Amino acid sequence: MKRHAVVLPFVLSGASMLAVGCGSSHSAAVHPLPPVSVSIPPATTTVISPTSVMSKEPAVTTTAPPANPAGPAAAINDSDLSAIQSDLNSVDGADNQSSSDFNAGTSAQAQNDNP
Amino acid sequence: MKRILTKVGTCAALAAGAGGLIASPALAATTSSTVATSPATASGQTLANIKAKAATAISVRQNALQLAVSDVRANEYLTDADRATLLNTLQDDQSGLTTLGQTIQGDTTVAKAEADYKLIFTGYRVFALALPQVRFAASTDDLTGTVVPHLTDAQTKLQALLSGPDKSKDTPAVQAKMDDLANQISAITTDTNGLAATILSFTPAQWDANPYILTAPVSQLRTARSDAKQARADIAYVVQAIKS
Numbered sequence: 350m351k352r353h354a355v356v357l358p359f360v361l362s363g364a365s366m367l368a369v370g371c372g373s374s375h376s377a378a379v380h381p382l383p384p385v386s387v388s389i390p391p392a393t394t395t396v397i398s399p400t401s402v403m404s405k406e407p408a409v410t411t412t413a414p415p416a417n418p419a420g421p422a423a424a425i426n427d428s429d430l431s432a433i434q435s436d437l438n439s440v441d442g443a444d445n446q447s448s449s450d451f452n453a454g455t456s457a458q459a460q461n462d463n464p
Numbered sequence: 740m741k742r743i744l745t746k747v748g749t750c751a752a753l754a755a756g757a758g759g760l761i762a763s764p765a766l767a768a769t770t771s772s773t774v775a776t777s778p779a780t781a782s783g784q785t786l787a788n789i790k791a792k793a794a795t796a797i798s799v800r801q802n803a804l805q806l807a808v809s810d811v812r813a814n815e816y817l818t819d820a821d822r823a824t825l826l827n828t829l830q831d832d833q834s835g836l837t838t839l840g841q842t843i844q845g846d847t848t849v850a851k852a853e854a855d856y857k858l859i860f861t862g863y864r865v866f867a868l869a870l871p872q873v874r875f876a877a878s879t880d881d882l883t884g885t886v887v888p889h890l891t892d893a894q895t896k897l898q899a900l901l902s903g904p905d906k907s908k909d910t911p912a913v914q915a916k917m918d919d920l921a922n923q924i925s926a927i928t929t930d931t932n933g934l935a936a937t938i939l940s941f942t943p944a945q946w947d948a949n950p951y952i953l954t955a956p957v958s959q960l961r962t963a964r965s966d967a968k969q970a971r972a973d974i975a976y977v978v979q980a981i982k983s
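Here it is as structure tokens:
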């Protein structure tokens, strides 16, 4: 991936950069200038590696989202079918109760109810 | 309860004109040895014998009524209003029989005890009418209170699916089932409209005049139950078609 090719391991050092940028042109032997006191903050080193970069960034997903518009519709469909199944369960329960009540009624009718 | 008052009034007249009780051999034998002072009627009944038989007959009916009360209370498919109506019907009979039992136990003559004893049957018709009334009305209310609303709800949801995301599944066969479903729901609604109230309205006096008084409404209920099964089958067919 292009982004990973750009981020290669390297080291930044404050002390090293100062030496490289000032060493030859500001030598005290060549130019008799008064000494300059330069306060250099402690060198900090930052190491950036592909690994650390990748660990701080979310993984790049190359898989394309579902292009099929039937996806969300199918979810609604399933929900509705579940609700319909719930209706059927209620119908079954009430129908069983209705059957039980009906049979109890016919059983009562079959009993003698005379002195 | 009006129903009971009507029954008692009618049946008291019937009982007054009726003959003596018919005792079972076992009960007659018991009575002859325990009640010596109670004069027997022409049928051989004694006051104690009548009271004992009355207590047994009432107890059997009270137990059956209480079982029905428990069943109605436990029935989760009834509406609150329907449940209250059924419980009132049962509890009125329980109360009436309790009072009648106390009356019989307090009777001092065989003739009065005989007349009151007959009221246990003719005044309530617990097995022939009251319990069937409540049970058949409950069976009807199970349909109107739960079955029909859920059939209708499923019908609405299916129609929405077939008109929208599942339009491709709306084949002629599926549409035929949907049409049948609508017809079945309509038929159930028509058959059960006012049916429970009609069933509960009959009095023992009406039953005495016509013991087949429940036949027509029960037939109507049977048809409605059959229609409900067909409607359920229609829904299952369409659901399967959508899933396939």
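From first to last, the protein sequence lines are chains A and B.
If you read the first sequence in the numbering used here, its first letter stands for residue 350, the second for the next number, and so on.
If you read the second sequence in the numbering used here, its first letter stands for residue 740, the second for the next number, and so on.
From the three backbone atoms N, C-alpha and C, an ideal C-beta is built for every residue, glycine too.
Fair warning: this is a prediction, and the values are worked out from it, not measured in the lab.
In the structure shown, the three-state DSSP call for B:Gly-933 is coil. In the three-state DSSP reduction, B:Arg-864 falls in the coil class, being neither helix nor strand. B:Val-886 places its beta carbon less than 9 Å from that of A:Asp-444. Between the alpha carbons of B:Asp-909 and B:Ala-876 lies a gap of roughly 38 Å.
When C-beta distances to chain B are compared with 9 Å, the residues of the segment 447 to 464 of chain A below that value are Ser-447, Ser-448, Ser-449, Asp-450, Phe-451, Asn-452, Ala-453, Gly-454, Thr-455, Ser-456, Ala-457, Gln-458, Ala-459, Gln-460, Asn-461, Asp-462, Asn-463 and Pro-464, in chain order. At a C-beta separation below 7 Å, B:Asp-892 has these neighbours in chain A: Asp-436. From the beta-carbon of B:Thr-885, the residues of chain A found nearer than 7 Å are Ser-439 and Ala-443. Taking all protein chains shown into account, A:Gly-454 has 16 or more neighbouring C-beta atoms within 10 Å of its C-beta and is therefore buried. Taking all protein chains in view, the Cβ of B:Leu-939 is crowded by 16 or more other Cβ atoms within 10 Å, so the residue is classified as buried.
One thing to note: B:Gln-923 has its Cβ no nearer than 9 Å to the Cβ of B:Asp-880.
In terms of Cβ geometry, B:Ala-852 and B:Ile-843 form a close pair [threshold 9 Å]. A straight line joining the alpha-carbon of B:Ser-878 with that of B:Ala-794 spans about 31 Å. Per the coordinates, the alpha-carbon of B:Ile-789 lies some 25 Å from the alpha-carbon of B:Trp-946.
B:Leu-870 is not a Cβ neighbour of B:Gln-833, given a cutoff of 9 Å. With a 10 Å radius around the Cβ and a threshold of 16 neighbouring Cβ atoms, A:Ser-456 comes out exposed. In the three-state DSSP reduction, B:Glu-815 falls in the coil class, being neither helix nor strand. Straight-line spacing of the CA atoms in B:Ala-912 and B:Gln-969 works out to 15 Å. Counted as a single uninterrupted DSSP element, the stretch harbouring B:Ser-907 is not any alpha helix (DSSP H), since DSSP gives it neither H nor E. A buried status is given to B:Leu-890, since no fewer than 16 other beta-carbon atoms sit within 10 Å of its beta-carbon. Interface annotation, B:Leu-829: not in contact with chain A, CB-CB separation never under 9 Å. Collapsing the DSSP output to three states places B:Ile-859 in a helix. By a beta-carbon distance limit of 8 Å, B:Ala-955 does not contact A:Leu-437. Their separation comes to about 31 Å.
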